[in-house]
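Structure, as structure tokens:
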Amino acid sequence: MKAESINLFLDFFNPARIFGPIFDKELRVSSRRKRNYLLRSAYIILLAVFILFMWLSVIGAGSKSSAIFQASRSSQIGKNAIIAIVWFQFIASQILAIVMLSSSISDEIRTGTLNVLMTTPVSSFKIVTGKLLSKLLQVLLLLAMSLPLLAIMRVFGGIPWNYVVFGLFITLTSVIFAGSLSLFLSIFNRYPYRVIILIFVGYFFIFGLLPFLCTQLSFSNSEVLAIFVNVNPFLAMVAAAEQKPANSINILIHCMIMLSASAVLLVFSIWKVRSAAFRDMIVRRKNIESKVLIKDVEDSERKHYYEYSDYIRKVYGIPIIWKERYCGNEYSERIIRVIGNPIVWKENYGYFFGKGKIDKIVTITIYLLCIFGIMLLLVLRNRLSIVMLSFTISGLYLILMLRLAISIAGSIAGEKEARTLPILLVTPLEDKDIILSKVKAALMRNISLLALYFVLRFFIYFSYSSQGIIRFSQIIYQIPISAASIISRVLFIVGCGAYFGVRMKNSMAAVIATIGIFLVEFILNYLFVLIFVRLMTPFSVAYYNIASIFVMTAVYTAAGLYLLKLSIQKLRCNIF
Amino acid sequence: MIETKHLTKVFGNLTAVDDLNLFIKQGDIFGFIGPNGAGKTTTMRILVTLMEPTRGHALIDGLDVTRNGQKVRRIIGYMPDFMGVYDDLKVFEYLEFFAAAFGIERSKRKSIVEGVLELTDLQSKKSATVDSLSRGMQQRLGLARVLIHDPKVLILDEPASGLDPRARIEIRELLKELKRMGKTIMISSHILSELEEICDHVGIIEHGQLVYSGTIEEIRPRLGIHTKVRVQVLDNQEKAIEILAALPQISQVQLCKNYISVTFREGENMDGIIARTLVNANIDVVAIQPEQLKLDDAFLQLTKGIVH
Numbered sequence: 000m001k002a003e004s005i006n007l008f009l010d011f012f013n014p015a016r017i018f019g020p021i022f023d024k025e026l027r028v029s030s031r032r033k034r035n036y037l038l039r040s041a042y043i044i045l046l047a048v049f050i051l052f053m054w055l056s057v058i059g060a061g062s063k064s065s066a067i068f069q070a071s072r073s074s075q076i077g078k079n080a081i082i083a084i085v086w087f088q089f090i091a092s093q094i095l096a097i098v099m100l101s102s103s104i105s106d107e108i109r110t111g112t113l114n115v116l117m118t119t120p121v122s123s124f125k126i127v128t129g130k131l132l133s134k135l136l137q138v139l140l141l142l143a144m145s146l147p148l149l150a151i152m153r154v155f156g157g158i159p160w161n162y163v164v165f166g167l168f169i170t171l172t173s174v175i176f177a178g179s180l181s182l183f184l185s186i187f188n189r190y191p192y193r194v195i196i197l198i199f200v201g202y203f204f205i206f207g208l209l210p211f212l213c214t215q216l217s218f219s220n221s222e223v224l225a226i227f228v229n230v231n232p233f234l235a236m237v238a239a240a241e242q243k244p245a246n247s248i249n250i251l252i253h254c255m256i257m258l259s260a261s262a263v264l265l266v267f268s269i270w271k272v273r274s275a276a277f278r279d280m281i282v283r284r285k286n287i288e289s290k291v292l293i294k295d296v297e298d299s300e301r302k303h304y305y306e307y308s309d310y311i312r313k314v315y316g317i318p319i320i321w322k323e324r325y326c327g328n329e330y331s332e333r334i335i336r337v338i339g340n341p342i343v344w345k346e347n348y349g350y351f352f353g354k355g356k357i358d359k360i361v362t363i364t365i366y367l368l369c370i371f372g373i374m375l376l377l378v379l380r381n382r383l384s385i386v387m388l389s390f391t392i393s394g395l396y397l398i399l400m401l402r403l404a405i406s407i408a409g410s411i412a413g414e415k416e417a418r419t420l421p422i423l424l425v426t427p428l429e430d431k432d433i434i435l436s437k438v439k440a441a442l443m444r445n446i447s448l449l450a451l452y453f454v455l456r457f458f459i460y461f462s463y464s465s466q467g468i469i470r471f472s473q474i475i476y477q478i479p480i481s482a483a484s485i486i487s488r489v490l491f492i493v494g495c496g497a498y499f500g501v502r503m504k505n506s507m508a509a510v511i512a513t514i515g516i517f518l519v520e521f522i523l524n525y526l527f528v529l530i531f532v533r534l535m536t537p538f539s540v541a542y543y544n545i546a547s548i549f550v551m552t553a554v555y556t557a558a559g560l561y562l563l564k565l566s567i568q569k570l571r572c573n574i575f
Numbered sequence: 000m001i002e003t004k005h006l007t008k009v010f011g012n013l014t015a016v017d018d019l020n021l022f023i024k025q026g027d028i029f030g031f032i033g034p035n036g037a038g039k040t041t042t043m044r045i046l047v048t049l050m051e052p053t054r055g056h057a058l059i060d061g062l063d064v065t066r067n068g069q070k071v072r073r074i075i076g077y078m079p080d081f082m083g084v085y086d087d088l089k090v091f092e093y094l095e096f097f098a099a100a101f102g103i104e105r106s107k108r109k110s111i112v113e114g115v116l117e118l119t120d121l122q123s124k125k126s127a128t129v130d131s132l133s134r135g136m137q138q139r140l141g142l143a144r145v146l147i148h149d150p151k152v153l154i155l156d157e158p159a160s161g162l163d164p165r166a167r168i169e170i171r172e173l174l175k176e177l178k179r180m181g182k183t184i185m186i187s188s189h190i191l192s193e194l195e196e197i198c199d200h201v202g203i204i205e206h207g208q209l210v211y212s213g214t215i216e217e218i219r220p221r222l223g224i225h226t227k228v229r230v231q232v233l234d235n236q237e238k239a240i241e242i243l244a245a246l247p248q249i250s251q252v253q254l255c256k257n258y259i260s261v262t263f264r265e266g267e268n269m270d271g272i273i274a275r276t277l278v279n280a281n282i283d284v285v286a287i288q289p290e291q292l293k294l295d296d297a298f299l300q301l302t303k304g305i306v307h
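Here it is, written out as structure tokens:
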């Protein structure tokens, strides 16, 4: 009787019963995937590297001082390590949630399983919550793994419990929001990397550039920030560290707002997921039937079809734009002839001639926001903020590298997914030509952003010079060094993208691996600088920077070229 | 034109192709048959330079596929079992892309693409996006693609799979046309009746080993299958069975739905004796028809259907 009661109790609270078979299936599948174990290992390694970096930054400064001095720094170590862990968790878990859920619904649509699911009694609620919670559970597992570390570090002292607790609350609500947003966007985007880039770019503008611009333009920074803390998880994290009593209320409000926003997104997802499944079915049929309609039937019959068909496309907005969009592209007789290298032509076809509109919109928006932001500051404050420029180019760098990673890894692995790689490999095109053409096409698609990044970067040097921070003569050697450094990093990301594109079977895995390497590169970058600062104490800071840039440029260039060579060699190894 | 010598491909513990020896003459249509997992696709992938054999050689037009990959790719056209398409492109653009990939000059591409579109009856679809085509149309587009550089050899992995009867007939007619054009075609299929009509030779593969290679007509004696005839009589079926069963040349007589199935002893075929004997016994004979050996029957007899 007692056992039965326990069983009944356990069964009642069984998540699989509450959230349906999708939740159960996702957990089973994820336990069989090697990449989840790799992910956990990578998470711990990165966390360890991150803490090591923070440790060195505190201890390193007093490395030549006494043991008593070093012991006195333990509270500082504890404080820094806890901040490092909390921020690492905050950033990494959001990235993981976004990446993991970016293909949650689009994969089901692509493989046709969403249609099948819709014919079962499983409700949209269970599909959406099953997908979301199963992935979030894995992210939470990663968060839980670092909790003992937090507890140990707390022994060193230096930071109150409420910071840790607030940090965890903000992280949790941010992860739920990021995951819900990613899942919501995956309903409308066929390619997961589009979801990832949309969210990253959106976060950069809404949570980064927008509050920054507002604080720069307003006269009372604290008031503006207080408003933004409520809706911006990054500012909420900063506020948590300040440990002011007023901030606690703001953070709680922030958490409630984030949860409410997540709930709204989930409601929309539940509402839209069914129509996405049917839309997919309709598009498949419509694509075939509407061609027949346009080509083969008389006007009168066409009218009849439009009147009585289930697949009517209603005219939205301005009729001319609607006509251009539907009749102009899909049914047009216009054929774009192949010019030059066929791979480059094909890769850029969508971007320059057809469906790469989102890409174009993103690029143009970045351009406009950067230029208008700077102009606005110049006009309103009568000065150019170097911090603003640095912030802008950091964001641009992030977007540029992400776009490059996604473009290359996605385009090579995408051929495998679309099963077009075998037919491409039986053409007389050399493997080297295929890889290098894809690299060339990706660079062409991102050349505008790269140029803008170069211009802004050099503009910073001139600003430093005009404000007397560096001498004008220094600019002469800083510019080529800086250019070489950027090119080497681009080469590195290109090499990583090509390599993972060749080695991975699907574009999602390739993109995640490349982005992962990109993030590791960020951390390694700091470690390199740190090592150089330790090794070369007799020289000035300027020389440390130049030396480290030289070494890093050489390392990135060599690694990039080696990975490109490997990807050419391995192109035929993992085709099927 | 196509030759394999002791071709072997091993994946870990699995031998997908085991000491395979094949020879396909120029201008032949060769049907490559086998159960799922028999090694057909692996053999084809080796022939088209997508895989390297573990042992042995594969030659196309005298060129070793491992050592002369680039040259081989110029003379072959390969259609995989599942044909991927660049779904953003239009039919014409898709074909021109591959024409460019095969190094065809820009000035010649348009006429070549128009030519293959005409051959595959896809002219009306040249402005349609590839993903909007039906499965049958996409298969035809796949055939158009493999023809774009006018290859001597076509290697087609199940080109008719998943197609409706009309589309299958269209593909079959297209293959006949290609044979008339002098192409050497290696085709694998699960729809054996399709191959029966178009193939000059067939090869049956199981567990990576070739269990039969030759014409369909040659299978019967090789399998020791006895000749069968169907006898239809107006009435007195029981009496006819009794008379026929008494003949020494006949091993088995069986009453089927509306005819009598007669199996001769090995090497015997005596339709004339049957007719004469039955007429002499005052039984009206309506028809005597030899029973054709179907490729499906041969396939079932030659293979055990065990999948790796």
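Line by line, the protein sequences are chains A and B.
Each residue of the first sequence is one higher than the one before, counting from 0 in numbering that gives the first Met the number 0.
Each residue of the second sequence is one higher than the one before, counting from 0 in numbering that gives the first Met the number 0.
Glycine included, each C-beta is placed from N, C-alpha and C at the ideal position.
Taking 7 Å as the upper bound on Cβ-Cβ separation, chain A lies near residues 47, 48, 49 of the region 31-57 of chain B. Boundaries for residue 109 (chain B): no beta strand (DSSP E) harbours it, while the alpha helix (DSSP H) harbouring it runs 105-118, taken from the DSSP string. Against chain A, the beta carbon of residue 75 (chain B) has neighbours under 8 Å at 425, listed in chain order.
Residue contact with chain B for residue 112 (chain A): absent (no Cβ-Cβ distance below 7 Å to any residue of chain B). Note that the region 10-23 of chain B does not touch the region 555-562 of chain A; fewer than 3 beta-carbon pairs, one per stretch, sit closer than 8 Å. The Cβ-Cβ distance between residue 99 (chain A) and residue 80 (chain A) does not fall below 7 Å.
Neighbours of residue 421 (chain A) across chain B, judged by C-beta separation under 7 Å: 49, 79.
Counting along the chain, residue 17 (chain B) sits inside no alpha helix (DSSP H); it lies in the beta strand (DSSP E) bounded by residues 13-23. Under the 7 Å criterion on CB atoms, residue 417 (chain A) is classed as interfacial with respect to chain B. The straight-line gap separating the alpha-carbon atoms of residue 177 (chain A) and residue 233 (chain A) is approximately 13 Å. Just so you know, the alpha carbons of residue 482 (chain A) and residue 453 (chain A) end up roughly 8 Å apart. Annotation: residue 287 (chain B) to residue 243 (chain B) spans about 13 Å, alpha carbon to alpha carbon.
Residue environment analysis places residue 5 (chain B) among the exposed positions, since fewer than 16 neighbouring C-beta atoms fall within 10 angstroms of its C-beta. Boundaries cannot be given for residue 162 (chain B), as no alpha helix (DSSP H) includes it and DSSP labels it neither H nor E. According to the DSSP assignment, residue 68 (chain B) belongs to the alpha helix (DSSP H) that extends over 68-74.
By the criterion of at least three beta-carbon pairs nearer than 8 Å, the region 80-93 of chain B is not in contact with the region 403-413 of chain A.
Only buried fits residue 157 (chain B), as 16 or more other CB atoms lie within 10 angstroms of its CB. Per DSSP, the unbroken alpha helix (DSSP H) holding residue 439 (chain A) starts and ends at 430-465. Residue contact check for residue 237 (chain B) against chain A: no CB pair falls below 7 Å. Interface with chain B (7 Å Cβ-Cβ cutoff): residue 232 (chain A) is excluded. Beta-bridge partners assigned by DSSP to residue 259 (chain B): B:230, B:254. Taking all protein chains shown into account, residue 36 (chain A) has fewer than 16 neighbouring C-beta atoms within 10 Å of its C-beta and is therefore exposed. DSSP places residue 54 (chain B) in no alpha helix (DSSP H) but in the uninterrupted beta strand (DSSP E) bounded by 54-59. At a cut-off of 7 Å between beta carbons, residue 120 (chain A) makes no contact with chain B. Taking one beta carbon from each stretch, the region 139-151 of chain B and the region 106-125 of chain B have 3 or more pairs nearer than 8 Å; the two touch. Of the other Cβ atoms in all chains shown, fewer than 16 fall within 10 Å of the Cβ of residue 479 (chain A); this residue is therefore exposed.
In this chain, the beta strand (DSSP E) harbouring residue 208 (chain B) covers 208-213. Neighbours of residue 428 (chain A) in chain B, taken as residues at a C-beta separation under 7 Å, are given in chain order as 100.
At least one C-beta of chain B is nearer than 7 Å to the C-beta of residue 337 (chain A). Taking 3 residues as the minimum length, the region 136-189 of chain A contains no beta strand (DSSP E) run wholly inside it.
In the three-state reduction of the DSSP assignment, residue 187 (chain B) falls in the strand class, which pools E and B. At a cut-off of 7 Å between C-beta atoms, residue 89 (chain B) counts as an interface residue with respect to chain A. In this structure, the alpha-carbon of residue 148 (chain B) lies about 53 Å from that of residue 208 (chain A).
In this model, residue 248 (chain A) and residue 391 (chain A) are separated by some 31 Å (Cα to Cα). For the set A:93, A:91, A:572, the Cα lying nearest the Cα of residue 424 (chain A) is the one of A:572. Going by C-alpha positions, residue 218 (chain B) is about 51 Å away from residue 336 (chain A).
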